[in-house]
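Using my numbering, the letters of the sequence shown correspond one by one to residues -13 to 251.
The beta-carbon is built from N, C-alpha and C at its ideal position, and this holds for glycine as well.
Here's the structure, in structure tokens; my notes come after.
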Amino acid sequence: MQQAKDLFNYFHSLKKHSSIGSSYIFVGEYFSSVFEIVKLINCQAKEGFCGSCWDCQAVDRKSHPDLFTIEPEGLTIKIETVREVIRFLSLKSFRLGRKSVVIQQAQNLTLQAQNAFLKTLEEPPKNSFIALCTSKLEGLLPTINSRCRKIFLPFQEESLDLSLFKPVTAFLSGQDISFKDRKEFSSFVWNLIRFLHQGLLAKASGQNNQLSNLQGCAIILKNHTGSEIQSILEELLKIYAAGSSININLALNLIRMNFQGGFNR
């Protein structure tokens, strides 16, 4: 999948420049790529990860001593679990690398658990990597959101079919578009999210050829900073989450306002 490849290239570039952050929110439904990043962090290979060394195999088994994985079986992730995470991060690395925490279904963290995690996310221990994985960004406190970098993953395991983005490229080119129903509009919003995030990853990882294929995206990226695009993506996710009850015209106008000044007119 092209987006997974761009995501890997993005983190590989960060690793080469020793600039991988500590606190991330991964938004999507399929998070296998998060464990690929953990392997990238721990593997000693110069390019990517080898997949065959002790570290890579231990991450695959989720038995690496520097990896703490939470896969909730119940409806909530309680404060006691977060306290275990905090204790884990306070310990010295067994392999003299990064200690990684991957929390699946992070939206299931209770309010008390999220509040208990705030200080750690704001001031993470040195050489730590924390990945909060969620399909519902709105399920996390604004204070959690503000402390983490956000990575948007696909909600469906599918290849990047550029033909799906014709309404998106038309919209980003300033053309008027319309939708027959909310389902079609929701599909447009999600493809817009994927399209913009694909562009961000391609730009950050230096994949200029891939960026040139995303017509209209380069213009938006030129006229908006990375942080502005991240804010737009968060607003788009809120609109997508409200898809079954949203007023299409109002939502479309709101999206246009977010992109004001960035269209190719």
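By the neighbour-count definition (other C-beta atoms within 10 Å, threshold 16), residue 60 is an exposed residue. Rounded to the nearest whole angstrom, the C-alpha separation of residue 125 and residue 107 is 16 Å.
Within 10 angstroms of the beta-carbon of residue 162 lie fewer than 16 other beta-carbons, which makes it exposed. Counting only the Cα atoms, residue 131 lies some 13 Å from residue 116.
Excluding sequence positions up to five before and after residue 51, its CB lies within less than 8 Å of the CB of 44, 80 and 81, all in the same chain and listed in chain order. Distance from the CA atom of residue 91 to the CA atom of residue 152, rounded to whole angstroms, is 32 Å. Secondary structure note for residue 12: its beta strand (DSSP E) is the uninterrupted segment 9 to 13. Boundaries of the beta strand (DSSP E) around residue 53: 53 to 56.
In this structure the segment 211 to 224 touches the segment 175 to 187; the number of beta carbon pairs closer than 8 Å is three or more.
A Cβ-Cβ separation of about 13 Å leaves residue 74 out of contact with residue 103 under the 8 Å criterion. When the five nearest sequence neighbours on each side are left out, the beta carbons in the same chain lying within less than 7 Å of the beta carbon of residue 212 are those of 186, in order along the chain.
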